[in-house]
Amino acid sequence: MASNTSQGSEGGLALDPMHQFEISRIIPIKFGSIDASFTNSSLWMVLTVIAVSALLLLGSKRIVPTRLQSVGEMIYEFISNMVRDTMGDEGRKFFPFILTLFCFILGANMLGLFALPVLLHPFTVTSHIIVTFALAALVWVGATVYGFYKHGFGYLKLFAPSGTPPVMLPLLVPIEIISYLSRPVSLSVRLFANMMAGHTMLKVFATFVVALGWAGIVPLAVMVGFTGLEVLIAFLQAFVFAILSCMYINDALHPSH
Amino acid sequence: MGGDHKKSSPERLEKLGDRLKKAQISVDERNRPRQRQSNALGFAFRITTELVAAVAVGVAIGWGLDNWLDSKPWFLIVFFFLGVAAGVMNVYRITQSSGGDGSVPRSKLPSVIEDDDD
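Chains as they are written, first to last, in the numbering used here: chain A, 3 to 259; chain B, 88 to 205.
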């Protein structure tokens, strides 16, 4: 299906696999020197929110669920269990946040895999590091602020694990701080790199389908498999992002580990 | 496990409960290997990024301090090694918390397929 997309967007054999990540302005908006245009990225964020909200809010509310309803219920239960298992009962108040985060990332990942080349050029919001970094920074800053709010300066104990000999502290504290600072980086880079690599790979194989003529059926078959793998990765990365957010917030709840 | 909204013939309900439990166990068993595999994939990605991110942050701090204090290249060298240490520690922590086979302890992984609603 992605082969259609690449053909539709450029035509010919010289396809640029990175073209799909380009940002284009749909409605240009400017505040002074700040470019706040409504771009294709914004459009797909809005579409993600609409799709996820429709799935979770507008679905039927029967006792015996329909298929779509049970998808929504499964997501809810899945995240609910995850929050309970990683953060305990105290983490309950973060459930709406984690559910929203998971649904947004999963929705964006999945929508990016759909190809609707005639109506809209598909765009994966999460394949841009600024988007994933904004999400990760939100989690990280939020968890840090909450940790200080809840424990005051006691939160700094996180950087000095209990049972460390005092001689080791000057070495260990900087290491712990770097480790703490690396959290939003690894969180965002992981999601972004996975989505971008996967989509680039799909595009590259799609060009093979076009270029090889009849033999193109081989890369086409590979692409079918890849698309399945991409669906798995889309889910897995949303899951990993959500569960790591849970763990970071858990550190803010209980700093001594 | 529900069943409290229908009080008719508790035996039948009990039987149904047993059958449900059995079915669930078999579904669990069927899903286990696949879950572990997909988990291992996430685990691999997680380890790599965790290691690289810590080194990157260390280098960034060192480079920034060097630029600020005009002390090239000493902070860069020091913080590079601190970053590597932090990365290794990140990875060590992950393996400690998960028992080594996945990003999450098995007991902590909520299963997608099994759902015990109404």
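Don't be surprised by glycine CBs; every beta carbon is placed ideally from N, CA and C. Small disclaimer: the values here were computed from a predicted structure and weren't measured.
{"Item": "Examine chain A for any beta-carbon lying closer than 9 Å to the beta-carbon of G170 (chain B), and answer yes or no.", "Value": "yes"}
{"Item": "How many Å lie between V250 (chain A) and V66 (chain A) at the Cα?", "Value": "Strictly speaking, residue 250 (chain A) in this sequence is Tyr, with Val absent from that position. Distance between the alpha carbons of Y250 (chain A) and V66 (chain A) is about 37 Å."}
{"Item": "Between the segment 86-104 of chain A and the segment 214-228 of chain A, do three or more beta carbon pairs fall short of 8 Å?", "Value": "no"}
{"Item": "Check whether the segment 232-245 of chain A touches the segment 160-175 of chain A, taking contact to mean three or more Cβ pairs, one atom from each stretch, closer than 8 Å.", "Value": "no"}
{"Item": "Quick check: what's the CA-CA separation for G215 (chain A) versus F243 (chain A)?", "Value": "40 Å"}
{"Item": "Can you round the beta-carbon distance between V191 (chain A) and I131 (chain A) to whole angstroms, since I take them to be within the 8 Å contact cut?", "Value": "7 Å"}
{"Item": "S113 (chain B) to L58 (chain A), Cα distance in whole Å?", "Value": "29 Å"}
{"Item": "So, is the C-beta of P176 (chain A) closer than 9 Å to a C-beta in chain B?", "Value": "yes"}
{"Item": "K205 (chain A) and P19 (chain A) look like a contact to me (Cβ under 8 Å); what is the Cβ gap, rounded to whole Å?", "Value": "4 Å"}
{"Item": "Quick check: is the beta carbon of S164 (chain A) nearer than 9 Å to any beta carbon in chain B?", "Value": "no"}
{"Item": "Give a yes or no on whether the minimum CB-CB distance between S188 (chain A) and chain B is below 9 Å.", "Value": "yes"}
{"Item": "Buried or exposed for L156 (chain B), going by 16 or more other Cβ atoms inside 10 Å?", "Value": "exposed"}
{"Item": "From F194 (chain A) to F135 (chain A), what does the alpha carbon distance come to, in whole angstroms?", "Value": "9 Å"}
{"Item": "For the segment 130-150 of chain B, enumerate the residues whose C-beta is nearer than 8 Å to any C-beta of chain A, in chain order.", "Value": "F132, R133, T136, E137, V139, A140, A141, A143, V144, G145, I148"}
{"Item": "Tell me the DSSP secondary structure of K95 (chain A) in three-state form.", "Value": "helix"}
{"Item": "Residues of chain A with a CB under 8 Å from the CB of N177 (chain B): which are they?", "Value": "S181, S184, S188"}
{"Item": "Given L152 (chain B), which residues of its chain have a CB within under 6 Å of its CB, disregarding the five upstream and five downstream residues?", "Value": "F162"}
{"Item": "Taking Cβ positions, are I25 (chain A) and S43 (chain A) nearer each other than 9 Å?", "Value": "yes"}
{"Item": "According to DSSP, simplified to helix, strand and coil, what is F130 (chain B)?", "Value": "helix"}
{"Item": "Give a yes or no on whether 9 Å exceeds the smallest Cβ distance from A173 (chain B) to chain A.", "Value": "yes"}
{"Item": "Look up F33 (chain A) in the DSSP assignment and give the residues it is bridged to.", "Value": "A:I36"}
{"Item": "Measure the alpha-carbon distance for G93 (chain A) versus M84 (chain A) and round it to whole angstroms.", "Value": "10 Å"}
{"Item": "Return the Cβ separation of F161 (chain A) and V175 (chain A) in integer angstroms, given the expectation that the two are a contact with Cβ distance under 8 Å.", "Value": "5 Å"}
{"Item": "Should M89 (chain A) and N252 (chain A) be called a contact, given that it needs their Cβ atoms to be closer than 9 Å?", "Value": "yes"}
{"Item": "Between which two residues does the alpha helix (DSSP H) harbouring G156 (chain A) extend?", "Value": "Per DSSP, G156 (chain A) belongs to no alpha helix (DSSP H) and is neither H nor E."}
{"Item": "Nearest CA to the CA of A240 (chain A): which residue from A:L70, A:H256, A:R69, A:L137?", "Value": "A:L137"}
{"Item": "To the nearest angstrom, how far is it from the Cα of S129 (chain A) to the Cα of F167 (chain B)?", "Value": "28 Å"}
{"Item": "On the CB-based measure, 16 or more other CB atoms within 10 Å of its CB, does F207 (chain A) come out buried or exposed?", "Value": "buried"}
{"Item": "My output table needs one value for I148 (chain B): the three-state DSSP class, helix, strand or coil.", "Value": "helix"}
{"Item": "Looking at the C-beta of Q9 (chain A), does it have a partner C-beta in chain B at a distance below 9 Å?", "Value": "Legend: pLDDT at Q9 (chain A) = 43, less than 50; position of this residue unreliable, value from coordinates given subsequently. No, because no Cβ of chain B sits closer than 9 Å to the Cβ of Q9 (chain A)."}
{"Item": "Rounded to a whole number of angstroms, what is the C-alpha to C-alpha distance between Q71 (chain A) and K63 (chain A)?", "Value": "7 Å"}
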